[in-house]
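Below you'll find the structure, written out as structure tokens, and then a few comments.
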Amino acid sequence: MGINSESDLAANLQIGPTSEGMVRLFIQADDIEIPLDFDPEEALEIAEEIRLSAEAAKARAKP
10 MGINSESDLA ANLQIGPTSE GMVRLFIQAD DIEIPLDFDP EEALEIAEEI
60 RLSAEAAKAR AKP
């Protein structure tokens, strides 16, 4: 499955700081739980990638 593959899988995403000073992305789908921890600098890089991807998707959606 790639970035452009559609899926019927539904998942919940929670994002927040941990008590250890990390940023956790917590993904939950059916019986699967995936905690992903990033240091603050990595989290900022990921946030920038998400922002840029959202801008690109928005530009493609315009007629």
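In terms of our numbering, the sequence shown opens at residue 10 and continues consecutively.
Cβ coordinates follow ideal geometry from the N, Cα and C atoms, glycine included.
One alpha carbon belongs to residue 53, the other to residue 42, and they sit about 23 angstroms apart.
Distance from the CA atom of residue 51 to the CA atom of residue 71, rounded to whole angstroms, is 31 angstroms.
Leaving aside the five residues that flank residue 16 on each side, the residues in its chain whose CB is nearer than 8 angstroms to its CB run, in chain order, 10. Of all alpha-carbon atoms in 56, 28, 40 and 23, the one lying nearest the alpha-carbon of residue 34 is that of 23.
Check the Cα spacing between residue 39 and each of 64, 62 and 18: the tightest is with 18.
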